[in-house]
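One gets this note's numbering by counting positions in the sequence shown from 1 and adding 1 to each.
The beta carbon of each residue, even a glycine, is placed where N, CA and C say it ideally should be.
This report refers to the structure that appears directly beneath it.
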Amino acid sequence: MGYRLGVDLGTTFTAAAIRDGGPPTMLGLGNRALQIPSVLYLQEDGEFLVGEAAERRGAADPARMVREFKRRLGDPVPLLVAGTPFSAQALSAKLLASVVATATERRGAAPDEVVLTYPANWGAYKRELVDQVISLADVGRSLTCTEPQAAAIQYASQANLQPGDRVAVYDLGGGTFDVCVLEKTGAGFTILGTPEGIEQLGGVDFDEAVFQHVVTALGPAVEQLDLDSPEGRAALTRLRRDCVEAKEALSADVDTVIPVALPGRSTSVRLTRAELETLIAPALEQTVEATSRALRAANTTTEQLTAIVLVGGSSRIPLVSHLLQSRFSTPTALDTHPKHDIALGAVQFQPEEARTEQLGAVGTQLPSPTRTPLSAQAKRRLAIAAGGVVVLAGGVVAAMQLAAGDGGNPGGQTSVATNTPSQSVSSTTPTKPTTPTGPQALPEAPVKLADTELVIPLLRKVSADLTLVDLYVADVTNPAKRTKLTTKPNDDLPALAPNKRTMIYLHNVPPSKDRSLWVSGVDGSRARELFTKTPAQCAASIGRPGWNPKDPTQIVVGCTAADGTFGIYLLDTDGKVLQKLFSNPARKGFGASDPAVSPDGKLAVYEFHGGSGTGLYAVALDGKSEPQRLTSGSDADPVWSPTRPGVLAFRRVLGDNSATIFVTSVTGADLPCAGQSRPNEIGGGRMCQLTDASVFDQDPTWSPDGKRIAFKHGLNPSAIQVVPADASAAPQLVWPNNPGNQNAPAWTPR
């Protein structure tokens, strides 16, 4: 009889389930447990050991072992295993192929169909890499399913859910945290709103927190370990294993003792549940906040939730249920084996649900995910950042990372070695790493900007002939905050990425007037020029870009070529021209600039100036239609509302040294307006005037909740002010102490 195979390739553990017409059952992958560690070991003959066997061999030779590679999916930098480079998707394919091979051996035939799961907050690029994993593994007919959908399906198989019932799936696994809201339908489940997630947070980070606690308690004893000796490596491996077991024991006990057996010293460290909760509480609070955001995005109240389904081994920690129930007053549902839920749900996933997932809750494409990095405070408390590990653990952890052949793998944990029969997967050693498709990764700050934070360019007069511009982070709730980001002076006109962890800005080196696009984290880190080669269409000049919220590897820019041709172009972040949206031959006094992309990723709006055609225009991002005129004034700086479809804020010139900020709806819909309003002669409806036009106001940017707008007030002097989007109150200064002239702010993506 044929059967289906559901596979959950987790960061730390991999599980699989089988269904052959009856109820789903787990496929035993290991000898000690049904699931196996997501670990590979490259043997000298080029074959990989998998799971428990890989852990056992890797304890003695960590340079040949690799783990937690799921966290690196999409990273163009390969992982080195015994000096050989592999992409994360190539390693994931080895693991998937091993699981399918085990099922084939146990059942005597290959599965009819494989269902592979992935996090719901993975965007289009990472989902493409999931398809690549399946292709590389060569496992035959396959489907993909989001992890929360699979968890909800498994929960529904045990609970009496009716169409319309809603659940939140809280997935705290070994290496990642994800949460989203789903609604039961006749065909399965539909994801509501935008899935949320926290980068690089899971059980391995809690293990590391316990390990650091023990290292601190032991003082220099651990730092003095000789990691070049077998005894030293074995002692550290054993200590890490005991820290993991202590963490797990505290899910049931109120305290535990961690044995410490180092060469020449034997002792123990006591750890209480309260101490563990103190170590991990900041990170868990972040997961609760992410859950709250997911509920808001799904327009779901706690009263509408049937349950919060807890998935992943780390969700067994008692503090998780306590925090969630205290915050949301909603029952939590925890299975006896939360590591199995996703695999069991995946094998029950039906192809019809795939179409439901693609359509989303309202018949549109699945919403873009929100990935939230762990906050700086939580990172400090967990001490999971690489720098923190080195400071606290000295050379011990750094040496373990180097020995594992992956300096970018936090912690470099080596877990318990077990005696199991060897599993191997044939492998031909690659001559070069598998290269992911798509542009190279952009620098990201470890923490995204808060909803009250924005980036402001601040002018600095160096001499009578030279003024430089530096970028700063400000906070609309804290007038004293002014954090400098710029490391190379003369950065201006920032544009935030959809994840609010990356920004592109214009940079030039005086006395040259030529400006190029640069990119960095929103903390100013890893700044570099965006393009290695500027497109010919932008050879003469390039302006402030707008990001595609649905595909953050794409930007829209206004450019001028060497021959004077100007236009609006869709580019990828490597500078490849994907689509010409509008262009015009050189003509004195004419131009187009300042594009912004609508939240649904379908339209770009830009300003065109020159002759009677001056105004704002919208054009489809696919380039299949002609630009449509939206306004008829001397208008510029358009930006879409992040919360109200079709609503724009822009600048209109009313006279000499006089301009104001307007808000209008391109659909002609009426907007709430407590100030003056006037008709939009071209687009219909009315335009709400937000400022008094006493000076030159320009460069609006929306708050994340769509209720306020920040803008540049005046030319010289100039300052950033914030005004309600309905003109219900007077504008207020962001920096009342007036540190100097300020330029166009960035609060949300353009």
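From residue i to residue j, what does the alpha carbon distance come to, in whole angstroms?
{"i": "residue 229", "j": "residue 236", "result": "12 Å"}
{"i": "residue 277", "j": "residue 241", "result": "15 Å"}
{"i": "residue 67", "j": "residue 340", "result": "21 Å"}
{"i": "residue 347", "j": "residue 225", "result": "47 Å"}
{"i": "residue 20", "j": "residue 494", "result": "56 Å"}
{"i": "residue 309", "j": "residue 119", "result": "19 Å"}
{"i": "residue 302", "j": "residue 296", "result": "7 Å"}
{"i": "residue 4", "j": "residue 198", "result": "33 Å"}
{"i": "residue 719", "j": "residue 497", "result": "22 Å"}
{"i": "residue 194", "j": "residue 300", "result": "7 Å"}
{"i": "residue 117", "j": "residue 685", "result": "49 Å"}
{"i": "residue 711", "j": "residue 522", "result": "21 Å"}
{"i": "residue 616", "j": "residue 717", "result": "25 Å"}
{"i": "residue 584", "j": "residue 564", "result": "12 Å"}
{"i": "residue 354", "j": "residue 634", "result": "Since pLDDT at residue 354 reaches only 42, below the 50 mark, its modelled position is unreliable, and the value read off the structure follows with that caveat. Whole-angstrom Cα-Cα distance: 48 Å."}
{"i": "residue 595", "j": "residue 176", "result": "40 Å"}
Between the Cα of residue i and the Cα atoms of the options, which residue gives the shortest distance?
{"i": "residue 567", "options": "543, 577, 606, 151", "result": "543"}
{"i": "residue 287", "options": "180, 708, 534, 256", "result": "180"}
{"i": "residue 217", "options": "299, 173, 270", "result": "270"}
{"i": "residue 576", "options": "607, 530, 153, 698", "result": "530"}
{"i": "residue 479", "options": "735, 164, 487, 172", "result": "735"}
{"i": "residue 747", "options": "681, 640, 673", "result": "640"}
{"i": "residue 81", "options": "172, 223, 43", "result": "43"}
{"i": "residue 794", "options": "694, 343, 549, 205", "result": "Any question about residue 794 goes unanswered here, given that the chain covers just 2 to 751."}
{"i": "residue 164", "options": "189, 345, 64, 290", "result": "189"}
{"i": "residue 203", "options": "223, 298, 318, 173", "result": "173"}
{"i": "residue 484", "options": "465, 55, 491, 473", "result": "473"}
{"i": "residue 27", "options": "39, 7, 14", "result": "7"}
{"i": "residue 700", "options": "222, 72, 636, 600", "result": "636"}
{"i": "residue 459", "options": "442, 745, 612", "result": "745"}
Could you please give me the residues that DSSP links to residue i through a beta bridge?
{"i": "residue 529", "result": "520"}
{"i": "residue 736", "result": "Partner(s): none; residue 736 has no beta bridge."}
{"i": "residue 37", "result": "15"}
{"i": "residue 68", "result": "40"}
{"i": "residue 351", "result": "Note: residue 351 sits in no beta bridge, so no partner."}
{"i": "residue 260", "result": "269"}
{"i": "residue 308", "result": "168"}
{"i": "residue 636", "result": "653"}
{"i": "residue 709", "result": "725"}
{"i": "residue 610", "result": "592"}
{"i": "residue 181", "result": "170"}
{"i": "residue 1", "result": "Any property of residue 1 remains undetermined from this structure, which presents the chain solely from 2 to 751."}
{"i": "residue 458", "result": "472"}
{"i": "residue 237", "result": "DSSP, once it has assigned bridges, lists no residue as partnering residue 237."}
Once DSSP output is grouped into helix, strand and coil, what is the label at residue i?
{"i": "residue 358", "result": "Below a pLDDT of 50, predicted positions are generally treated as unreliable, and residue 358, at 38, falls in that range; the measurement from the model is reported next regardless. Here residue 358 sits in helix by DSSP."}
{"i": "residue 674", "result": "coil"}
{"i": "residue 725", "result": "strand"}
{"i": "residue 163", "result": "coil"}
{"i": "residue 190", "result": "strand"}
{"i": "residue 618", "result": "strand"}
{"i": "residue 487", "result": "coil"}
{"i": "residue 605", "result": "strand"}
{"i": "residue 687", "result": "strand"}
{"i": "residue 214", "result": "helix"}
{"i": "residue 406", "result": "Because residue 406 sits at a pLDDT of 32, beneath the cut-off of 50, its placement in the model cannot be relied upon, and the point is left open."}
{"i": "residue 367", "result": "At residue 367 the pLDDT is 41, less than 50, meaning the model places this residue with poor confidence and gives no usable figure here."}
{"i": "residue 20", "result": "strand"}
{"i": "residue 195", "result": "strand"}
{"i": "residue 324", "result": "helix"}
{"i": "residue 126", "result": "helix"}
{"i": "residue 558", "result": "strand"}
{"i": "residue 437", "result": "With a pLDDT of only 42 at residue 437, under the threshold of 50, the placement of this residue in the model should not be trusted; the figure read from the coordinates follows. Of the three classes helix, strand and coil, the one that applies to residue 437 here is coil, per DSSP."}
{"i": "residue 280", "result": "helix"}
{"i": "residue 417", "result": "Residue confidence for residue 417 is low, a pLDDT of 29 falling below 50, so the modelled location carries little weight; the figure read from the coordinates is stated next. In the structure shown, residue 417 sits in coil (DSSP, three-state: anything other than H, G, I, E or B)."}
Here's the rule: buried if 16 or more other CB atoms are within 10 angstroms of the residue's CB, otherwise exposed. What is residue i?
{"i": "residue 275", "result": "exposed"}
{"i": "residue 553", "result": "buried"}
{"i": "residue 232", "result": "exposed"}
{"i": "residue 147", "result": "buried"}
{"i": "residue 323", "result": "exposed"}
{"i": "residue 549", "result": "buried"}
{"i": "residue 390", "result": "Note that residue 390 scores 27 on pLDDT, short of 50, meaning its location in the model is unreliable; the coordinates nonetheless yield the value given after this. Answer is buried; the Cβ neighbour count reaches 16."}
With a threshold of 7 Å between beta-carbons, can residue i be considered close to chain D, or not?
{"i": "residue 486", "result": "Going by chain labels, chain D is absent from the structure shown, which holds only one protein chain."}
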